[in-house]
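A.B. asks: Just so you know, the sequences run in chain order D and S.
To convert, count from 1 in the first sequence and add 1; that's this note's numbering.
To convert, count from 1 in the second sequence and add 1265; that's this note's numbering.
Every residue, glycine too, gets a C-beta built ideally from N, C-alpha and C.
One structure follows; several queries about it will come next.
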Amino acid sequence: MLELKNVHLSYGPNEVLKGISLNIGQGEIICLLGQSGSGKTSLLRVIAGLEQETQGSIVLAGERINGLKPQQRHVGLMFQDYALFPHMSVAENIAFGLRSGKMDAQQVRQRVDELLHLVRLDGYQDRPIDQLSGGEQQRVALARSLAPRPRLLMLDEPLGSLDASLRETLVKEVHDIIKLAGLTAIYVTHDQQEAFVIADRIAIMQHGQIEQIATPQELYYRPHSRFVVEFLGLHNVVSADCEAIRELLPDDTAREFLIHPKGISLADEGLNAVVTEVIFSGDRTAVTVEVPLCGSWRFFVYDPLIRLDVGQQVYLHIDHEFIIPLANK
Amino acid sequence: MNNIWRWGRYGLVVLPLLFFGLFYLYPVATIFDYSFRADGVFDLSGFASIATSAYYRDTLVFTVFQATLSTFFTILLVLPGAYVFVHYKFPGRSLLLSMSTLPFVLPTVVVATAFLALIGPRGLLNTALMDLFNLEAPPIQLTHTLTLILIVHVFYNYSVALRIIVAYWSGLSSRIEDAAAVLGANRWQMWWRIRLPLLRPAIVAAALLVFIFTFTSFGVVLILGGIRFATLEVQIYYQTINLLNLPTAAALSLIQILIMLLAMLYYARLQRQMSSSQTVVPIRPKSASTWQQRLFVGGNLFVVIVLLLMPLLALIVRSLWIDGQFSLEYYTLLGENVRNSVLFVPPMKAIANSIAFGLMTTFIAVVMGTLLAYLVGDRLVNTRVGRFIDPLIMLPLATSAVTLGLGFILALDEPPLNLRTSWVLIPIAHSLVATPFVARSVLPALRQIPPSLPEAAQVLGATPFRIWRRIELPLISRSLIVGATFAFAISLGEFGASVFVARPDTPTMPLVIYRLLGQPGTENYGQALAMSVLLLLVCLGSFLLIERFREAGVGEF
Chain D
2 MLELKNVHLS
12 YGPNEVLKGI
22 SLNIGQGEII
32 CLLGQSGSGK
42 TSLLRVIAGL
52 EQETQGSIVL
62 AGERINGLKP
72 QQRHVGLMFQ
82 DYALFPHMSV
92 AENIAFGLRS
102 GKMDAQQVRQ
112 RVDELLHLVR
122 LDGYQDRPID
132 QLSGGEQQRV
142 ALARSLAPRP
152 RLLMLDEPLG
162 SLDASLRETL
172 VKEVHDIIKL
182 AGLTAIYVTH
192 DQQEAFVIAD
202 RIAIMQHGQI
212 EQIATPQELY
222 YRPHSRFVVE
232 FLGLHNVVSA
242 DCEAIRELLP
252 DDTAREFLIH
262 PKGISLADEG
272 LNAVVTEVIF
282 SGDRTAVTVE
292 VPLCGSWRFF
302 VYDPLIRLDV
312 GQQVYLHIDH
322 EFIIPLANK
Chain S
1266 MNNIWRWGRY
1276 GLVVLPLLFF
1286 GLFYLYPVAT
1296 IFDYSFRADG
1306 VFDLSGFASI
1316 ATSAYYRDTL
1326 VFTVFQATLS
1336 TFFTILLVLP
1346 GAYVFVHYKF
1356 PGRSLLLSMS
1366 TLPFVLPTVV
1376 VATAFLALIG
1386 PRGLLNTALM
1396 DLFNLEAPPI
1406 QLTHTLTLIL
1416 IVHVFYNYSV
1426 ALRIIVAYWS
1436 GLSSRIEDAA
1446 AVLGANRWQM
1456 WWRIRLPLLR
1466 PAIVAAALLV
1476 FIFTFTSFGV
1486 VLILGGIRFA
1496 TLEVQIYYQT
1506 INLLNLPTAA
1516 ALSLIQILIM
1526 LLAMLYYARL
1536 QRQMSSSQTV
1546 VPIRPKSAST
1556 WQQRLFVGGN
1566 LFVVIVLLLM
1576 PLLALIVRSL
1586 WIDGQFSLEY
1596 YTLLGENVRN
1606 SVLFVPPMKA
1616 IANSIAFGLM
1626 TTFIAVVMGT
1636 LLAYLVGDRL
1646 VNTRVGRFID
1656 PLIMLPLATS
1666 AVTLGLGFIL
1676 ALDEPPLNLR
1686 TSWVLIPIAH
1696 SLVATPFVAR
1706 SVLPALRQIP
1716 PSLPEAAQVL
1726 GATPFRIWRR
1736 IELPLISRSL
1746 IVGATFAFAI
1756 SLGEFGASVF
1766 VARPDTPTMP
1776 LVIYRLLGQP
1786 GTENYGQALA
1796 MSVLLLLVCL
1806 GSFLLIERFR
1816 EAGVGEF
């Protein structure tokens, strides 16, 4: 559906995108996940035609769209600040992209009603924009970008300015609306929970490059690099020359390994460690231990009957399935 | 198609630049040229006569002297007023504050006439006193005195200075004064050690602006000062129109341009410094509670109202009050061509002229001002040229209208461009004065449009023209109305440039008022009053329209 090959973008000497290649299938939702300044938004703007790539090719539905102006690309883009037109009503906002095409007034009205129904804002046609709540504005913006039936929908941190509880319910809703419309979508966020909920595949971005692209499960259980590990908050990176676990390590040229928290459990015998921190958080307890000469690791205990104290000696069992080699830098 | 659009846009860039180049830079450059070589040979006689003559030196000294005094008295009167506006709530507070735009739309000739109607020899006060005490001569003799000039200058600048200082003061943290009070500062220390040092940037900026305005005062001094007093502006006018001494006029202009340029640059710097200050706990105005506070508030309001409203009221009353009874006679006279009149046309014709020129000016200024705002805001071509053009919009404000008029006479009266005998010079001159006001109104509105709005429209498939028509134009329309009204009012009241470039058979309302005032006879005086009132009403109407449509912070100077 969308094929990016070696896309570069620079502002003067400042290189914002450094060779992005990406394939997105029909009906797939890709999430660009990364910190601010990692190039997520710039990539969306290049695809939309709002920025001119310095190099690379962009092919949308078999058509090379590099030189086209934004208004000729027929893609949808939902802005972080929604960019709703403040002087127009809800219906006028949604209809804006329809008027450029060839639809009569009746058809336009019908399409607007249809979209308002889809985003569950029936009857909001004549509301002025400044009387909408943040969540309502978000849905109007979504409806507006869906209205002209774009070939590709892009959403730039669409829930970024909403509070956490609202975000949780809306992200599922946005997911369902996109899937219901059968759209191909790129969703930009810096929130991994959001990304896990909405994405078919997640692309982790850093310094204008894609660090890893994978399904949420694969990304979580098979992170490629130390950056991804840290970004996902998985912590337990050990060096290949760590004495205590050398025999457990797979035969690999990697110099660093992730001991995935999922693969660490308490045992009656095994690896010796000292508890340094215990944080109880309801359904699980996060335990940090110090493994002599291998640094400190964190894992989770789900059995509420197990009591641990700081300073206590424990034995760990390591499931070698969860020892993951990390890319050498 | 894309190419047509791109070339079209560059055309839109060139248009205002061409306009400013041809009708501003070229005339000013000609003044430069003329002051160094009058008849094709290098000649410093203009400067020499200025340097050696005590007469011209006196003009310069007087210009600086009256501007300094005007500034001093304005600030002195404004400071307690600003204190009241910042600290107290009272009815009409925001209306009085908004009056700072008034001086920009109130024509100098109207104000001069208004003060004559109040305290002139035939003014309300004098006639009342003469009737009351059976006096032979008017007891208040202020015409052709420095005092009257200073009073009118304070009238003009009080509200502008008040607005600047109040805006800055309101943004200062109230906690500072609280802290000083807790530390035991008395009233005197509060002013000298806390308020005045804190307000310094605003006071300096306000003072500088008042100095600039009064330094280039023309109409007020010409009408009220008589032959005894002449600012540089008035001297340039005398040298050009009465004595045809163009090299001296050009040299004087050049001196004035340089002084004004320095002052404007300094002012722009101050303004940048002021805008960077932002604080958290602003001072909240409260109602006056004790009788001392009420007296203080009331006293200041009395000054404001007497100063700002009395002359205007006197003008209206005096125009209707003839020999002890109300009459519309002065107004009916406007339609007739009085015998032995100084005018070639009936005064009514001047009203038609003014309205026609006003409409033309509005059109030109709105087009040019909007294009300039787009250019400065980098919305037209993204070449980041805005920064360099930004000062350009302020430049005509720094150049006095008289200088502009002189430049027109010198530059545009011979090939390649001979427009001296054409009436088009009037709307063009007015447009140069008005365009910065339009640009300054539109620019903030334009900058408030988030870039994502046009981008969203673009992604939704809108063409550049449709984006402008459906998104940008509606969002700047209020500011456009403000700018257009400014342009119309400025054109109607413009005096300094018009007096140079208007032909005798196409006078404007201010010119007719000026000529009538210079003539003896009750009829002439009455006509001047009546026409001033008409002009005043139009300008007040414009002012109300501007205030109604202007959003906070739009078009500040």
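Could you check what DSSP says for M1266/S in three-state terms: helix, strand or coil?
C.D. replies: Any reading at M1266/S must be qualified, since the residue scores a pLDDT of 41, below 50, and its modelled position is unreliable; the value itself is stated next. In this structure, M1266/S counts as coil in the three-state DSSP scheme.
A.B. asks: Give the DSSP-derived three-state secondary structure of V1703/S in the structure shown.
C.D. replies: Three-state result, V1703/S: helix.
A.B. asks: Let me know the secondary structure DSSP gives E52/D once reduced to three states.
C.D. replies: Here E52/D sits in coil by DSSP.
A.B. asks: Does the CB of L51/D have a neighbour CB from chain S at under 8 Å?
C.D. replies: Judged by the 8 Å Cβ criterion, L51/D is in contact with chain S.
A.B. asks: Under the assumption that A1514/S contacts L1671/S (Cβ atoms under 8 Å), give the Cβ distance between them as a whole number of angstroms.
C.D. replies: That pair is a contact at about 6 Å.
A.B. asks: Taking the alpha-carbon positions, what's the N273/D to I199/D distance?
C.D. replies: The alpha-carbon atoms of N273/D and I199/D are separated by roughly 40 Å.
A.B. asks: State the Cα-Cα distance for the pair V302/D and D320/D, rounded to the nearest angstrom.
C.D. replies: Their backbone Cα atoms lie some 15 Å apart in a straight line.
A.B. asks: For A84/D, go through chain S and note every residue whose CB falls closer than 8 Å to its CB, in chain order.
C.D. replies: What A84/D touches in chain S: P1715, S1717, L1718, E1720, A1721.
A.B. asks: Between which two residues does the beta strand (DSSP E) harbouring R202/D extend?
C.D. replies: R202/D -> beta strand (DSSP E) spans 202–207.
A.B. asks: Given a threshold of 16 other Cβ atoms within 10 Å of its Cβ, counted over all protein chains shown, does S37/D qualify as buried or as exposed?
C.D. replies: Looking at its Cβ environment, which holds fewer than 16 other Cβ atoms inside 10 Å, S37/D is exposed.
A.B. asks: Sorted by chain position, which residues of the same chain lie with C-beta nearer than 7 Å to A1891/S's C-beta, five sequence neighbours on each side aside?
C.D. replies: No statement about residue 1891/S is possible, as the shown extent of chain S runs from 1266 to 1822 and does not include it.
A.B. asks: Along the chain, which unbroken stretches of the alpha helix (DSSP H) at least 4 residues long are found entirely within the region 70–145 of chain D?
C.D. replies: Listed in chain order, they are 91–100, 106–119.
A.B. asks: Enumerate in chain order the residues of its own chain whose CB-to-CB distance from L1344/S is below 6 Å, with the five nearest sequence positions on each side excluded.
C.D. replies: None.
A.B. asks: Can you list the residues of chain S that L249/D reaches, using a CB-CB cut of under 8 Å?
C.D. replies: Ordered by position in chain S, no residue passes the 8 Å Cβ test against L249/D, which lies about 52 Å from the chain.
A.B. asks: Under 8 Å by Cβ, that's how I've got G77/D and M2/D pegged, so tell me the actual separation to the nearest angstrom.
C.D. replies: That belief does not hold up - the Cβ atoms of G77/D and M2/D are roughly 14 Å apart, past 8 Å.
A.B. asks: At the level of alpha carbons, what is the spacing between C295/D and I187/D?
C.D. replies: Near 40 Å, if we compare the C-alpha coordinates of I187/D and C295/D.
A.B. asks: Reducing DSSP to helix, strand and coil, say where N1510/S ends up.
C.D. replies: Here N1510/S sits in coil by DSSP.
A.B. asks: With 16 other CB atoms within 10 Å as the buried threshold, where does V1819/S fall?
C.D. replies: Unreliable positioning characterises V1819/S in this predicted model, as indicated by a pLDDT of 40, which lies under 50. The coordinate reading is nonetheless provided below. Answer is buried; the Cβ neighbour count reaches 16.
A.B. asks: Give me the Cβ distance between S1363/S and H1418/S, rounded to the nearest whole Å; I'm assuming they're in contact under 8 Å.
C.D. replies: 21 Å between Cβ atoms; not a contact.
A.B. asks: Which of helix, strand or coil does DSSP assign to G20/D?
C.D. replies: Correct three-state label for G20/D: strand.
A.B. asks: Regarding P1403/S and the ligand NAP, is the C-beta to nearest heavy atom distance less than 7 Å?
C.D. replies: As for the ligand NAP, it is missing from this structure, which has no ligand bound.
A.B. asks: How is Q1784/S classed by DSSP in three states: helix, strand or coil?
C.D. replies: Q1784/S falls in the coil class under three-state DSSP.
A.B. asks: If contacts are defined as beta-carbon pairs under 8 Å, then L184/D and L171/D qualify, I think. What distance do you get, rounded to the angstrom?
C.D. replies: The pair is not a contact, with the Cβ atoms about 17 Å apart (cut-off 8 Å).
A.B. asks: Could you spell out where the alpha helix (DSSP H) holding D1443/S opens and where it closes?
C.D. replies: That run of the alpha helix (DSSP H) goes 1439–1447.
A.B. asks: Write down every uninterrupted run of the alpha helix (DSSP H) in the region 179–243 of chain D whose length is 4 residues or greater and which is fully enclosed by it, in chain order.
C.D. replies: Correct list: 193–199, 217–222, 227–232.
A.B. asks: Note down, in chain order, each residue of its chain lying with its Cβ closer than 7 Å to the Cβ of I1736/S, except the 5 sequence neighbours on either side.
C.D. replies: Closer than 7 Å at Cβ, skipping near neighbours: L1718, P1719, A1722.
A.B. asks: Going along the region 39–63 of chain D in order, which residues come within less than 7 Å of chain S, judged by CB to CB distance?
C.D. replies: Those residues of the region 39–63 of chain D that come within reach of chain S (Cβ to Cβ, closer than 7 Å) are A49, L51.
A.B. asks: Taking 8 Å as the threshold (beta carbon to beta carbon), is L78/D in contact with chain S?
C.D. replies: Closer than 8 Å: yes.
A.B. asks: Since E1425/S and P1368/S are thought to touch, with beta carbons under 8 Å apart, how far apart are those beta carbons, to the nearest angstrom?
C.D. replies: It is Val, not Glu, that sits at residue 1425/S in the sequence shown. Yes, V1425/S and P1368/S are in contact; Cβ-Cβ is about 6 Å, under 8 Å.
A.B. asks: Based on Cα-Cα distance, which residue from Y1289/S, L1801/S, L1675/S lies nearest to L1511/S?
C.D. replies: It is L1675/S.
A.B. asks: Interface residues of chain S around P71/D at Cβ under 8 Å?
C.D. replies: The contacting residues are E1720, Q1723, V1724.
A.B. asks: Could you spell out where the beta strand (DSSP E) holding R299/D opens and where it closes?
C.D. replies: Where R299/D is concerned, the enclosing beta strand (DSSP E) stretches over 296–302.
A.B. asks: Closer than 9 Å by beta-carbon distance: list the chain D residues that pair up with I1501/S, in chain order.
C.D. replies: Ordered by position in chain D, no residue passes the 9 Å Cβ test against I1501/S, which lies about 47 Å from the chain.
A.B. asks: Between which two residues does the beta strand (DSSP E) carrying I324/D extend?
C.D. replies: Element bounds for I324/D: 324–327.
A.B. asks: Taking C-beta to C-beta, are L1711/S and A1638/S nearer than 8 Å?
C.D. replies: Yes.
A.B. asks: Identify the contact partners of P1466/S in chain D, using a Cβ-Cβ distance below 8 Å as the criterion.
C.D. replies: What P1466/S touches in chain D: nothing, since even the nearest Cβ is about 33 Å away.
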